[in-house]
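Numbering (my numbering), first residue to last: -10 to 94. Glycine residues also receive a C-beta, built at the ideal position from the N, C-alpha and C atoms. In what follows, a structure is listed as structure tokens, so that the remarks can point back to it.
Here it is as structure tokens:
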């Protein structure tokens, strides 16, 4: 089996996971001064940056791996799906990290 469909599916999962990261960043309330509100969100921005770069590194490595793999089978496809499950999970620990960092401030 060719790897094109696996790569396309993986790219979609990576794109959605990276997009979901930004949903953890809230918009400051209207009545609060913007500068202090953004500073208060620094832990959230930090968690976003770390997670975005982590997912980006995983995507680059995944892409590099598929330049070496010419064909696939069902076992490899399921291994890839399990890997992508962990990629799709990344927005959750990002939110947990941001909340913990914000709570320690």
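I'd like to check one pair, residue 44 with residue 84: are the Cβ atoms closer than 7 Å? Mapped onto the chain shown, residue 84 falls at position 95. Mapped onto the chain shown, residue 44 falls at position 55. For the pair residue 84 and residue 44, the CB atoms are not nearer than the 7 Å cut-off.
Between 75, 90, 88, which has its C-alpha nearest residue 2's C-alpha? Locating residue 2 in the chain shown gives position 13, where the first residue counts as 1. That would be 75, whose Cα lies nearest to the Cα of residue 2.
Relative to the C-alpha of residue 17, which residue among 27, 47, 60, 9 is closest? Numbered from 1 along the chain shown, position 28 holds the residue referred to as residue 17. With distances taken between Cα atoms, residue 17 lies closest to 27.
To the nearest angstrom, how far is it from the Cα of residue 90 to the Cα of residue 79? Taking the first residue of the chain shown as 1, we reach residue 90 at position 101. Taking the first residue of the chain shown as 1, we reach residue 79 at position 90. Straight-line measurement puts the Cα of residue 79 at about 17 Å from the Cα of residue 90.
Here's the rule: buried if 16 or more other CB atoms are within 10 angstroms of the residue's CB, otherwise exposed. What is residue 69? Against the chain shown, residue 69 aligns to sequence position 80. When all chains shown are included, residue 69 counts as buried.
Residue 40 and residue -10 closer than 7 Å at C-beta: Taking the chain shown and counting its residues from 1, one reaches residue 40 at position 51. Taking the chain shown and counting its residues from 1, one reaches residue -10 at position 1. Pairing residue 40 with residue -10 gives a Cβ-Cβ distance that is not under 7 Å.
If I'm right that residue 77 touches residue 36 with Cβ under 8 Å, what's the distance once you round it to whole angstroms? Position 88 of the chain shown holds residue 77. Position 47 of the chain shown holds residue 36. In fact, because the Cβ distance is near 17 Å, the residues do not count as touching under 8 Å.
Residue 31 burial status per 10 Å Cβ neighbour count (16 or more: buried): Against the chain shown, residue 31 aligns to sequence position 42. The residue is exposed, with fewer than 16 neighbouring Cβ atoms inside 10 Å.
Residue 60 bridges to which residues according to DSSP? For the purposes of this step, residue 60 is identified with residue 71 of the chain shown, where counting begins at 1. The partner list for residue 60 (beta bridge, DSSP) reads -9.
When DSSP labels each residue in this structure, what does residue 16 get in the three-state scheme? Counting from one through the chain shown, the residue named residue 16 turns up at place 27. Judged by DSSP in its simplified three-state form, residue 16 adopts coil rather than helix or strand.
Cα-Cα separation, residue -8 to residue 57: Here residue -8 refers to the residue found at position 3 of the chain shown. Here residue 57 refers to the residue found at position 68 of the chain shown. The straight-line gap separating the alpha-carbon atoms of residue -8 and residue 57 is approximately 11 Å.
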